[in-house]
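For reference, the structure is listed below as structure tokens.
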Amino acid sequence: MSINPYFVTAHPPSAVSHAQKGSFTGPNDVNLVVCKTTRLEIYLLGETGTELVHAENLFARVQVLHLVRPADRPTDLLFLCTDRFQHALLSWDPSRNAFKTEQAGSLEEKAGRKLDENPLSFVDPHARLLGLNLYQGSLKVVPLDKSGSIRMSATATAAMAVQNKGKKRAVMPSENVPSPFTIRMRENTVHSMVALDSPLPTVAVLYQDAKENRHVRVYGIIIKDKELTDPVLEVDVPNTAHLLIPIPAPIGGFVVLDYRTATYFSADGSVRPAPLHLRQEFKIKCWSYIDPDGTRILVGNVVGSYAVLFLHAQQNQVTSMSIYSLGSTTPCTSLVYLDNGYAYLGSHVGDSALIKLTEEPDATGNSLVVERTYTNLGPITDFAVLDAPGQPGAGQLVTCSGAFSDGSLRVVRHGIEINEQVLIQVPGLVRVFACARGDHGAHDLLALSTGAATIVLTCTDGEIEHVETTPLRTHEPTVLLAAVAGTNRIVQVTPTGVYLCDAVSMQQVDEWTDTRGTAIVAAELSGNALVVAYKASIVELTVAAKLQNPRPRQLGDDISALDVHGTLVAVALWNRDVLLLSRPSFAEVARTTLDQFEARSIRIAEWDTGAYVLCGHGDGSLVAFEMQSGGAMVNPRKIVLGTEPVRLARFVREGQALVFGSCDRPVVLYPSKSGKLTYSNVNLKSTADVCTLLNPNFGGEVLMVAKEEGLLVGAIEPIENIHIATYPLGGEMARRIAHHAPSATLAVLTERLEDAMTHEEAGFLKIFDDATLEVVSIERLAPTETPLSICILSTADGAEQLVVVGTAFVKPTEEEPSVGRVLVYRVTPDRVLQLAIATTVKGGVYSLAAMPGGRLAAGIANRVQVFGLPASLTGGAKLEPICYHAGFITALYIESRGDFLAVGDLMKSVTLLVYSEAARTLEVLAKDPAPSWVTAIAAVDDDHILAADANCNVYLARRNAGDDADDAATRKRLELCAEWHGGEFINRFRRGCLHPVSDDGAVTPVLITASANGALGIIAHVMDSRTFELLLELQRLVASQLVPVGRFAYDEYRAFANERKVVPMHGAVDGDMVERYLELDPAVQANMAVALGTELKRADVTAEDLTKLVLDLARLH
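For the sequence shown, the positions run 795 to 1911 when this note's numbering is used.
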């Protein structure tokens, strides 16, 4: 069977790579610009903190980011350079609230050795140039004119002219500004590089010479001559010097930081006060000016300690320095001082944070307070997939996230959390209502309706109490209870009639019943207009001091459901008709007929992006109609939620009206970012009804939920597709994880950094309860023993599941570990670890995989070894070596599928092995002969292996077998049937899905991916080749409609690229691009459907069908 991959992002990258402050969106705005490698986020700083203004996914991996303020610009420009050395200069277009690409081009050179680390870069303080160290021994200089324009080379200008044909010409730089040029440098190994504030553009370079001694040189940059001056300053610095901080004018100069000291130099070296000795080894990693003159600098080190570095100056000359410790919090990769004591910590290894610097330390000695955190899943080193509670068919991830002191386990699930505050036992509860008795606005009167009666409660001072005496009808169920706006009246509707009560005296003042005694089946209140439905009739009553002006209308068939929204009335009939009527005349606006079932519940949902008529069915499904401006109901879309009847109810969250779908798998329906209707599951097993409870004693805005066992009052989390819960590890970082199902636990390998300077670590195996994530058992590994791998292994008879751990002993004198261990643990009934087997091996045990029959495959150094379990696990038992296969560089990853083993090597790509029980041997079935630095693998089936590499590529390798293989050599070679650039450094593939999909969907989820940047992805299989072909063409057409930010070309970005080759993406569909179809104008969508039908020679392609298909695909995440 062929595999048709469909990949899509389930959670965007969250690890911060860059952050800067400036005025980007307006001259008077203070913006925080945050980059997460492939994603840009623009925040606006306000009185209450930071507010997200715009977010954009890029077709590039950003390695350099700077805000630049040219002399003739009122706002900053944003300069980007990617890992492929493409550059772009962006501004903000306030008319579109979007990025505008001012210029774009390439800084790539035909010759030169790329740096092993990320490029170094700087911006001249007067915006005359940018400097980049992209290649070893070279400085790329990008001159800027006063408007911020870059003069392109002749080749780049011609290419841009072709790209911008027919568009408005960009403003070109002045003639006296040269195009970007390269200057050769004597310094090959550069550790830091900064621009100094001088009349002539000047750069200070911290470098290491061939003898591994470190020095600083200061050069002037002569733009006209495209060369450096002779060194203005040459000084020797300690060999642990690693960072330069430039000091603005009028003081000028720079600070050199090493592990133990901070030393100031003027630009010419004439001023050099005594070095500042730090109290401890404090490797400063990032910094930000507090004062514009640089006399106070906020600094942070690699483990999350922060301080203020003071430069004491007289007559603009530094005389001494001092440092004041602030305390510790999350380590950051980007540090930005914002204003008024606030700073942003952008982290790659933990949650980013907004902190407030305080004048006085707190009880713990900290002079900083975390005001807000920004969730970051990265780096994800491993994860396990469990069944999500209350969501059959959905997966719940437990990730090993973070590093150093910010290590944690994160529970990630699709859907929305409702945090229980109160649970009242009321068996048989089916409806809930809440309203206010008076004009104070707080809901203090609750009605709980069962199938036969109503229970009335009051809610005061945070207590919910039962009301014994009330004018409300408690001997029958309630159809509606609501306060009437602008009056002091409360209306109750029951099957027998409408009853009006005074909200102050709580006395009944009026009632209305149908003269024929027909039972009321539904009622809704809009303003002071009450519409009730009974049998085949509806009637509108005006609610004032009394019930007035009954206006009936016959509908010709019995009514099953009713809703009122403004002047529109939606009515569902038992004959499957759905009507839209206009109040107060009840004139028919639109009518449609449902295909299969009548609607048991109906709601009109209207948002800024569109309106819908939602019909809930008795079989657990709903149908959503788009409601056009004239009221016509079009483009019905069926959504299967569960198997029990669906009741739809509006509720309010943060001022926005949303729709809750109650059934055995409840959901919240809301508009997506593209404006289309979407929904997310709720973490409850089954609900019957909901309503909003507005009461300050319960947090202001909570949800009342009717469940089979009673009333739940709880706060609803933000409406997001992905919910994340954090479980810190107390200063440890999780490396590997496996789920031990029999004991309902998670086995996690963790490490703790004992000494940040010597990198001494301690390793642990910990057992966590898989529901509460509480530690239930701990095993500490031997000194210098590092945990590397873990798996769950069943005994040959399947009677017991064992936890197997692979380790290595790390010695400073060894480049690669020469000794490791395979440790086999039992988990006792009371969930305690017992070491059963400890086998020493030659090399680190990088990977483990369980095989049938109690066999274990281990990747040990350069070989794959198969072991067997002994007959008894007692009395010094050892693993039985069965066979091995060598020839790898390092066997980092093993995935088993029966007797097949997929092996991912450090450099030699992927190999497919097979174990023969009869011969007790491992044989190579097939391999990819091309080199590849593999970072993750997955055995999709017996013939397909999916792999990710260190260049952020993903490829699907297929074994040639059967009639397709002409000779033995062909059968031994893996064919690459799909290749693409994913944009993320993937650390792990796992089988599973985040969201249950229907059996008749276009795709089936296969794998979940996790990356170093905290991104989660889904890789699915498109089951039908015709659909796969259609999606490929749709992807191409959608991409052709987009104008990418930075002019980073989509096809170039998705092309598979490594040191050997560049291949256009093939054999896979980019779901992120396909889903952008939903953002296009309807006219463009219609034209695209026509183009698709013509290209594929299919007459059945319509814009409506494409929309349904893409919306169904979006349900994957």
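Using N, Cα and C, we set each Cβ at its ideal position, and we do this for glycine too.
Model, not experiment: these values are computed from the prediction.
6 angstroms Cβ shell around residue i - same chain, five flanking residues per side excluded
{"i": "H812", "result": "C829, L859 and S1128"}
{"i": "R1397", "result": "D1357, L1408, L1442 and V1453"}
{"i": "S1917", "result": "It is not possible to answer for residue 1917, since the shown part of the chain is limited to 795 through 1911."}
{"i": "C1194", "result": "T1175, D1176, A1528 and I1531"}
{"i": "K961", "result": "No answer about K961 holds up, because its pLDDT of 43 lies below 50 and its placement is not dependable."}
{"i": "D1722", "result": "S1703, V1704, A1751 and L1768"}
{"i": "N1489", "result": "A1236, H1237 and C1253"}
Selected residue, minimal CA-CA separation from residue i, among the options
{"i": "E1018", "options": "A998, D939, V1216 and V1462", "result": "For the record, residue 1018 in the displayed sequence is Lys; it is not Glu. That would be D939, whose Cα lies nearest to the Cα of K1018."}
{"i": "C1409", "options": "M1421, E1420, A1393 and W1401", "result": "A1393"}
{"i": "H920", "options": "R1854, D870 and A865", "result": "A865"}
{"i": "L884", "options": "D877, A892 and E896", "result": "E896"}
{"i": "R1765", "options": "V1734, V1718, S1819 and E1438", "result": "V1718"}
{"i": "V1292", "options": "V1604, D1304, A809 and R1820", "result": "D1304"}
{"i": "Y837", "options": "S1114, A892 and Q1595", "result": "A892"}
{"i": "N1852", "options": "T869, H1775, G1046 and L909", "result": "H1775"}
{"i": "A1178", "options": "H1533, G1861 and V1618", "result": "H1533"}
{"i": "G1662", "options": "R1649, N1656, K1672 and I1654", "result": "R1649"}
{"i": "P1646", "options": "F1694, C1677, P1606 and E1609", "result": "F1694"}
{"i": "A1246", "options": "H1269, I1258 and R1909", "result": "H1269"}
{"i": "P806", "options": "V1093, T842, V1542 and T1169", "result": "T1169"}
{"i": "T1539", "options": "V1626, F916, V1496 and G1494", "result": "V1626"}
{"i": "A1924", "options": "G1692, T1896 and R1615", "result": "Here the chain comprises residues numbered 795 to 1911, so residue 1924 is not present and cannot be evaluated."}
{"i": "E1075", "options": "T1309, I1513, Q1302 and G1094", "result": "G1094"}
Pair within 8 angstroms by beta-carbon distance, residue i and residue j
{"i": "G1670", "j": "L1686", "result": "no"}
{"i": "L1251", "j": "L1506", "result": "no"}
{"i": "L1872", "j": "K1432", "result": "no"}
{"i": "K1077", "j": "H1036", "result": "yes"}
{"i": "V1461", "j": "S1474", "result": "yes"}
{"i": "E1869", "j": "L1810", "result": "no"}
{"i": "I1586", "j": "A1644", "result": "yes"}
{"i": "F1613", "j": "T1634", "result": "Reading the sequence as shown, one finds Val at residue 1613 and not Phe. Yes; because the gap between Cβ atoms is below 8 angstroms, this pair is in contact."}
{"i": "T1055", "j": "G1777", "result": "no"}
{"i": "Y1138", "j": "L826", "result": "yes"}
{"i": "L1374", "j": "L1388", "result": "no"}
{"i": "L861", "j": "G816", "result": "yes"}
{"i": "R1267", "j": "T1248", "result": "yes"}
{"i": "A1885", "j": "L1831", "result": "yes"}
{"i": "S1641", "j": "G1653", "result": "yes"}
Spatial neighbours of residue i in its chain, beta-carbon cut-off 8 angstroms, leaving aside the 5 residues before and after
{"i": "K959", "result": "Caution is warranted here: a pLDDT of 45 is assigned to K959, below 50, making its placement in the model unreliable, and no coordinate value can be reported."}
{"i": "M1817", "result": "N798, A1796, V1797 and T1798"}
{"i": "L1038", "result": "S986, M987, V988, A998, L1000, V1010, F1048, V1049, V1050 and L1051"}
{"i": "A1730", "result": "Y1687, G1698, A1741, A1742, I1780, N1781, R1782, F1783 and T1803"}
{"i": "E1154", "result": "S1161"}
{"i": "V1287", "result": "T1272, V1273, L1274, L1275, Y1293, I1314, A1317, L1324 and V1326"}
Neighbourhood of residue i by C-beta distance below 7 angstroms, restricted to the same chain and skipping five residues each side
{"i": "V1164", "result": "T1123, A1147 and I1149"}
{"i": "M979", "result": "G931, S932 and L933"}
{"i": "A1197", "result": "V1143, P1173 and M1527"}
{"i": "A1920", "result": "Residue 1920 falls outside the range modelled here, since the chain spans only 795 to 1911, and no answer is possible."}
{"i": "S1243", "result": "V1224, R1225, P1271 and T1272"}
Rounded distance between the beta-carbons of residue j and residue i, thought under 8 angstroms
{"i": "T1089", "j": "L1072", "result": "The Cβ separation is near 18 angstroms, so there is no contact."}
{"i": "V936", "j": "L924", "result": "4 angstroms"}
{"i": "I1813", "j": "V1476", "result": "Not confirmed; about 26 angstroms, so no contact."}
{"i": "L1223", "j": "A1509", "result": "Wrong, their Cβ atoms sit about 20 angstroms apart, outside the cutoff."}
{"i": "L1319", "j": "V1298", "result": "Actually they are not in contact, since the Cβ atoms of L1319 and V1298 sit about 19 angstroms apart, beyond 8 angstroms."}
{"i": "A1720", "j": "R1753", "result": "5 angstroms"}
So, does the segment 1802-1816 touch the segment 1881-1896, judging by three or more C-beta pairs under 8 angstroms? no
Counting pairs of Cβ atoms below 8 angstroms between the segment 1577-1584 and the segment 1598-1611, do you hit three or more? yes
May I ask you to verify whether the segment 865-882 touches the segment 898-908, counting CB pairs closer than 8 angstroms and requiring at least 3? yes
Examine the Cβ distances between the segment 1114-1122 and the segment 1095-1105 and report whether three or more of them are shorter than 8 angstroms. yes
Does the pairing of the segment 1610-1628 with the segment 1558-1575 give three or more beta-carbon distances under 8 angstroms? yes
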